[in-house]
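Below is one structure; the comments refer to it alone.
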Amino acid sequence: MLFLDVWHFIYFKMQKDRILNLLHLHFIVFIWGFTAILGKLITIDSLPLVWIRMGLATVFISMYIYFAKFSLKVSKKTFFWLLGGGIVVALHWVTFFLAIKVSTVSVALAMMSTGAFFTALMEPFWYGRKVIGYEIVFGLLVVAGLYLIFKVETQYVFGMGIALISAFLAAVFSLINGKLVQNHRPSIISFYELGVGVIFLSIILILKGDWNMSLVTLPNMDWVYLLILAIVCTAYAFIASVKIMRVLTPYTVMLTTNLEPVYGILLAWFIFGSEEKMKPMFYVGALIILTTVIANGILKQRENIKKRVPKI
Numbered sequence: 001m002l003f004l005d006v007w008h009f010i011y012f013k014m015q016k017d018r019i020l021n022l023l024h025l026h027f028i029v030f031i032w033g034f035t036a037i038l039g040k041l042i043t044i045d046s047l048p049l050v051w052i053r054m055g056l057a058t059v060f061i062s063m064y065i066y067f068a069k070f071s072l073k074v075s076k077k078t079f080f081w082l083l084g085g086g087i088v089v090a091l092h093w094v095t096f097f098l099a100i101k102v103s104t105v106s107v108a109l110a111m112m113s114t115g116a117f118f119t120a121l122m123e124p125f126w127y128g129r130k131v132i133g134y135e136i137v138f139g140l141l142v143v144a145g146l147y148l149i150f151k152v153e154t155q156y157v158f159g160m161g162i163a164l165i166s167a168f169l170a171a172v173f174s175l176i177n178g179k180l181v182q183n184h185r186p187s188i189i190s191f192y193e194l195g196v197g198v199i200f201l202s203i204i205l206i207l208k209g210d211w212n213m214s215l216v217t218l219p220n221m222d223w224v225y226l227l228i229l230a231i232v233c234t235a236y237a238f239i240a241s242v243k244i245m246r247v248l249t250p251y252t253v254m255l256t257t258n259l260e261p262v263y264g265i266l267l268a269w270f271i272f273g274s275e276e277k278m279k280p281m282f283y284v285g286a287l288i289i290l291t292t293v294i295a296n297g298i299l300k301q302r303e304n305i306k307k308r309v310p311k312i
């Protein structure tokens, strides 16, 4: 009985920590919803936007690491994972902001809801587990929701396609960091991935012939929005979200991230008004996707609880 009492104490302590981390994650997701608004307000193209965002965030994170006196030493194997993660997150952000600029905040965020669907498809291969039957059913429902959105908002098909690519990249990025965070500090992971992203995008800008002073000659308000984007929505949110993954699974993180469209669309309505108003079937499709993803997460959580709680 003493063993069971101790086990239950530890279990409920872990659950409390998990709830606190989940609340923190919701706050971060709200910030990410505001990121889409900033992306719409900033006047420059998505590629230089992300380059500046990642560059500023890398500077702020490196300052934090310097004062915290953390070691930057990582193994060669870890570095290659960080290299891949940096390229993936750079491409994810570029495609995300491009989708916003060629369509609307609402359309881009609705497509981002499919991130959890992509994660669910890849997790069995990533972690070597069996495919669950209801995941296939939920996957078909997500496809149905996407079909409705594509059918009624045909003028934004290109933006939807770009946003779907961004959602897939976000799922890959979540899985990569789910492994890295187990053995490395979130700030170190963030420093390397953001730094790699800056170098990667710099190479692209040079190859495109866009490496010039126009990259930093911006309107004052663009710099204000970019600083908020870099400090609050990137440096802080990036480190905090990676740290949270020590307690929450990559799927839970991606699942909660699917509330980003809700927060972002509400903010877009408030700030941009009728410009963000979609046709009724758009919201039906978006609701199908969100409901499916949430239901999938609930079922997985119930399964995890059954596995963790011992029978008395």
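Each residue of the sequence shown is one higher than the last, beginning at 1 in full-length UniProt numbering.
Just so it is clear, CB atoms sit at the ideal spot from N, CA and C, and this is done for glycine as well.
Measuring CA to CA, which of the options is closest to residue i?
i	options	result
residue 66	205, 187, 210 and 217	187
residue 296	224, 141, 176 and 93	141
residue 223	34, 18, 253 and 42	42
residue 152	38, 277, 18 and 62	277
residue 226	38, 30, 18 and 119	38
residue 80	18, 180 and 51	180
residue 92	147, 63 and 165	165
residue 120	95, 133 and 148	133
residue 245	211, 161 and 182	182
residue 272	159, 135 and 106	106
residue 208	110, 48 and 150	48
residue 62	44, 231, 221 and 110	231
residue 317	270, 281 and 261	Coverage of the chain is limited to positions 1 through 312, which leaves residue 317 absent and any answer about it impossible.
residue 282	75, 82, 156 and 74	156
residue 184	239, 287, 210 and 195	239
residue 169	95, 210 and 40	95
residue 292	118, 269, 82 and 70	118
residue 287	228, 146, 76 and 40	146
residue 280	150, 253, 212 and 221	150
residue 44	128, 126 and 221	221
Write down the C-beta distance between residue i and residue j rounded to the nearest angstrom, noting that I regard them as a contact closer than 8 angstroms.
i	j	result
residue 289	residue 154	Actually they do not touch by this definition, with Cβ atoms about 18 angstroms apart.
residue 87	residue 197	7 angstroms
residue 58	residue 194	4 angstroms
residue 228	residue 82	Contact doesn't hold; Cβ gap of about 26 angstroms is too wide.
Taking the alpha-carbon positions, what's the residue i to residue j distance?
i	j	result
residue 316	residue 72	There is no way to answer for residue 316, as the model of the chain reaches only from 1 to 312.
residue 174	residue 167	11 angstroms
residue 275	residue 130	44 angstroms
residue 176	residue 237	17 angstroms
residue 294	residue 171	16 angstroms
residue 299	residue 112	21 angstroms
residue 84	residue 78	10 angstroms
residue 28	residue 242	11 angstroms
residue 267	residue 34	7 angstroms
residue 235	residue 116	23 angstroms
residue 311	residue 257	With a pLDDT of only 44 at residue 311, under 50, the local geometry of the prediction cannot be trusted, and the value read off the model is given with reservation. Spanning the two alpha carbons is a distance of roughly 33 angstroms.
residue 265	residue 259	10 angstroms
residue 136	residue 60	42 angstroms
residue 219	residue 233	20 angstroms
residue 30	residue 206	34 angstroms
residue 215	residue 50	11 angstroms
residue 109	residue 36	8 angstroms
residue 285	residue 139	13 angstroms
residue 19	residue 122	26 angstroms
residue 158	residue 144	18 angstroms
residue 7	residue 124	A caution first: residue 7 carries a pLDDT of 42, below 50, which makes its placement in the model unreliable, though a value can still be read off. Between residue 7 and residue 124, the C-alpha separation is close to 29 angstroms.
residue 2	residue 247	Because the pLDDT of residue 2 is 45, which lies under 50, any placement of that residue in the model is unreliable, and the number read from its coordinates should be weighed accordingly. Cα-Cα distance, rounded: 26 angstroms.
residue 160	residue 90	19 angstroms
residue 270	residue 40	14 angstroms
residue 210	residue 217	13 angstroms
residue 213	residue 249	42 angstroms
residue 69	residue 104	42 angstroms
residue 74	residue 128	26 angstroms
residue 263	residue 76	39 angstroms
residue 252	residue 32	16 angstroms
residue 64	residue 46	27 angstroms
For the pair the segment 95 to 115 and the segment 16 to 29, tell me if three or more CB-CB distances fall below 8 angstroms. no
Along the chain, which unbroken stretches of the alpha helix (DSSP H) at least 4 residues long are found entirely within the UniProt domain "EamA" (158 to 294)? 186 to 208, 220 to 230, 237 to 244, 250 to 257 and 260 to 272
Take every Cβ of the segment 193 to 213, pair it with every Cβ of the segment 51 to 58, and state whether three or more of those distances are shorter than 8 angstroms. yes
Taking the runs of the alpha helix (DSSP H) that are 4 residues or longer, which of them lie wholly in the segment 84 to 158? 105 to 112, 115 to 127 and 133 to 152
Every unbroken alpha helix (DSSP H) within the segment 24 to 88, with a cutoff of 4 residues, ordered by chain: 46 to 68
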